[in-house]
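Q: Residue numbers for the sequence shown follow our numbering, so the first one is 2 and each next one is one higher.
The structure under discussion is supplied below as structure tokens; questions concerning it will follow.
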Amino acid sequence: SVNSTTTVNLYPGVEIAYPGADSAEPEGEVLYSHTVTNTGNADDVFDIVAVSSAGFGVTLNHTPSLAVSRGATETLLVTVTVPAGTGSDVIDVTTITVTSSHDPLPSAQVEDTTNVLLVRAVSIAPTSDTDTNLPGEYAVYTHTVKNEGNSVDTFDFSAVSSDEAFTPTLNSQSETLAKGATFDLVLSVEIPPSAISGTTAVTTVTVNNESESAMAAAVDTTTVARVRGIEISPRNLTAAGDPGKTVTYT
């Protein structure tokens, strides 16, 4: 009799499906699901590497490797996190590479594309302030306006006083600010010359972007200071009197 032995060579193989695309705001997350299939003729352990083109945070439910039986499939979950402050013009492509541990040549790749959504937001600080001054003078307030959104934006400023006699004036009516940029908005409130001591007026400063999708406000309270003074009249008097007598002026 003749005995013969046939050896089946090892042929690793792998597939990963499918590419994903989604969007998220800064600090948001996107979840992508992929199917990894072992197309080789033996059980395998696949090394998994994820690389983000924009440096976003990437986490996997299987790392650094995934065991898949011959002909079987496993689910690979990829979570991409958009960093805080990321601009709306950023597009990230995260590349997932799956490689056989038997041989580095059989590998498969898939790409997940994450778009950063546009966020419009604005802040003003402080949100309230107080000042006291004399009639005819000005109460002055400075507020820092910051573009909290993730794209350039134009903001309009307005000021309204609770008492029409107190006139508010701003150092600007509109400013275009880059992402994260600030502007010092100065409010001057003119106190009427005839204002009575202790009178208060509340001025509301409002910041709106042109699409009115972002708004912030501050409230400033102006108080009229007390004026102290005395007046005597008439200022000049003349009189005559005999020596030793008392002369009275009124």
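Glycine included, every Cβ here is placed at the ideal spot set by N, Cα and C.
The structure displayed is predicted, hence computed values, not measured ones.
1) Can you check DSSP and say which residues form a bridge with K147?
2) So F81 and E75 are in contact, right, with Cβ under 8 Å, and what is the actual spacing, rounded?
3) Which residues share a DSSP beta bridge with E211?
4) Is G137 helix, strand or coil by DSSP?
5) Shorter than 7 Å, the distance from the beta carbon of P194 to the closest heavy atom of the ligand GTP, or not?
6) In three-state DSSP terms, what is Q110?
7) Just confirm the distance between the C-beta atoms of S152 and L119, as a whole number of angstroms; I'd bet it's less than 8 Å.
8) Could you compute how far the alpha carbon of D243 sits from the alpha carbon of P235?
9) Give every residue of the same chain whose Cβ lies closer than 6 Å to the Cβ of S89, excluding the five residues on either side of it in the sequence, and list them in chain order.
10) With DSSP as the reference, label N237 as helix, strand or coil.
11) Pull the bridge partners of D221 from the DSSP assignment, please.
12) Assign F167 to one of three DSSP states: helix, strand, or coil.
13) Straight-line CA distance for L77 to P20?
14) For A226 and I125, I'd like the C-alpha separation in whole angstroms.
15) At which residues does the beta strand (DSSP E) containing Y33 begin and terminate?
16) Suppose the cutoff is 6 Å on Cβ atoms and the five residues either side in sequence are ignored; what does the same chain contact list for K147 look like?
17) Does the segment 165 to 175 come within contact of the segment 184 to 198, defined as at least 3 CB pairs closer than 8 Å?
18) Less than 8 Å between the CB atoms is what I'm expecting for P65 and G41, so what's the real figure, rounded?
19) Would you call the CB atoms of T177 and T201 closer than 8 Å?
20) What does a CB cutoff of less than 8 Å around Y139 pick up in its chain, not counting 5 residues either side in sequence?
21) Suppose you measure from the CA of L106 to the CA of I92; what does that come to, to the nearest Å?
22) For L67, I'd like the list of residues in its chain whose CB is within less than 8 Å of its CB, leaving aside the five on either flank, ordered along the chain.
23) So S53 is in the beta strand (DSSP E); what residue range does that whole segment cover?
24) Mapping DSSP to helix, strand and coil, what is S162?
25) Is the separation between the beta-carbon of T95 and that of E112 shorter than 8 Å?
A: In short, the structure shows the following:
1) Among the bridge pairs identified by DSSP, K147 is matched with S124, T183.
2) According to the sequence displayed, residue 81 carries Val and not Phe. With a Cβ gap of about 20 Å, V81 and E75 do not count as contacting.
3) Paired residues: none, contrary to the question.
4) coil
5) Among the components of this structure there are no ligands whatsoever, and the ligand GTP is therefore not found.
6) strand
7) That belief holds up - the Cβ atoms of S152 and L119 are roughly 6 Å apart, short of 8 Å.
8) Each residue's alpha carbon lies about 23 Å from the other.
9) V117, L119, N151, S152
10) coil
11) D130, T204
12) coil
13) 12 Å
14) 27 Å
15) 30 to 39
16) If the five residues before and after K147 are omitted, its C-beta is found closer than 6 Å to the C-beta atoms of S124, T183, all from its own chain and listed in chain order.
17) Segments in contact, yes.
18) With 8 Å as the limit, P65 and G41 do not qualify as a contact, their Cβ atoms being about 19 Å apart.
19) no
20) S189, V190, E191, I192
21) 30 Å
22) V37, V46, F47, I49, E75, L77, V99
23) 45 to 53
24) strand
25) yes
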